[in-house]
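Residue numbers (my numbering), protein chains in the order written: chain A, 222 to 332; chain B, -11 to 102. Every residue gets a Cβ at the ideal spot worked out from N, C-alpha and C, and that includes glycine.
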Amino acid sequence: DAKTTQPPSMDCAEGRAANLPCNHSTISGNEYVYWYRQIHSQGPQYIIHGLKNNETNEMASLIITEDRKSSTLILPHATLRDTAVYYCIVRVAGGNEKLTFGTGTRLTIIP
Amino acid sequence: SAVISQKPSRDICQRGTSLTIQCQVDSQVTMMFWYRQQPGQSLTLIATANQGSEATYESGFVIDKFPISRPNLTFSTLTVSNMSPEDSSIYLCSVEPGQGYEQYFGPGTRLTVT
């Protein structure tokens, strides 16, 4: 699996958009970008995934650069409940492929 | 989606003993994954459990230490054997149902070995 690089920590004011970057410069053509988050003492929660087009769901938006070497997860209106560690993972989609977790970004939402 | 439960939610065990962790899913799934999260660390995959076959272990993990059972498509157990304080971690199971591509995680079992 390709490696990802994320900043170790970020702060964001409550109500503002939180933009979490991820570099995955060695991503392969058949690998998707996935985002998960882990709120303290809970199991990780799936957020969103994408291949090359931008994606949006009820939780977040995923912006992938045209060369697919980086992406940004956007939480449009961050709340205190969004405080968590966010993991960017690349892997081949489907087929029950394993997830390889990096160190992630610890996002703190400031009141 | 899938709803996953784990038992026990937490336990304190003495070194040298073993603990079996249960993972129950509300739907049939082909594969189940077991992860370990050591204090302050990220998740590390222990093994992948496919119903009807031997589990596949990741580098650094062996069957004698972490035996896994997968008797049917909704249930699996992970045993942590001959425990030492270094085994103190959160153990999580996960599944990937259907073709949704996302994995769902259980709430985890917090193990402390004294």
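query: Where does B:D52 fall in DSSP's three states?; result: coil
query: For B:T65, report the span of its beta strand (DSSP E) as first-last.; result: F63 to V68
query: Between which two residues does the beta strand (DSSP E) containing B:Q25 stretch?; result: M19 to Q25
query: Can you round the beta-carbon distance between A:P297 and A:E235 to whole angstroms, since I take them to be within the 8 Å contact cut?; result: Rounded, the Cβ-Cβ distance is 13 Å, inconsistent with contact.
query: Report the rounded CA-to-CA distance for A:L279 versus A:R237, giving the unit in angstroms.; result: Note on identity: in this sequence residue 279 of chain A is Glu, with Leu being the wrong assignment. Rounded to whole angstroms, A:E279 to A:R237 spans 16 Å at the Cα level.
query: Please list, in chain order, the chain B residues whose beta carbon lies closer than 7 Å to that of A:T324.; result: S30
query: Go ahead and pull the three-state DSSP assignment for B:P73.; result: helix
query: Kindly identify the DSSP beta-bridge partner or partners of A:Q259.; result: A:V306
query: What residues from chain B crowd round A:A314, counting only those whose CB sits closer than 7 Å?; result: Y89
query: Can you give the beta carbon distance from B:F63 to B:Q12, rounded, assuming they're within the 8 Å contact cut?; result: 6 Å
query: Would you give the residue range spanned by the beta strand (DSSP E) that A:N244 belongs to?; result: A239 to N244
query: Going by beta-carbon coordinates alone, are A:D232 and A:T321 separated by less than 9 Å?; result: no
query: For the candidate residues B:R98, B:Y89 and B:V101, whose alpha-carbon lies nearest to that of B:M19?; result: B:Y89
query: Using the beta-carbon of each residue, which ones in chain E are nearer than 7 Å to B:F54?; result: The structure shown contains no chain E; its protein chains are A and B.
query: From the DSSP output, in three-state form, read off A:L301 for me.; result: helix
query: I need the DSSP call for A:I248, collapsed to helix, strand or coil.; result: coil
query: Taking 8 Å as the threshold, find out whether the region 60 to 75 of chain B comes into contact with the region 14 to 30 of chain B through three or more Cβ pairs.; result: yes
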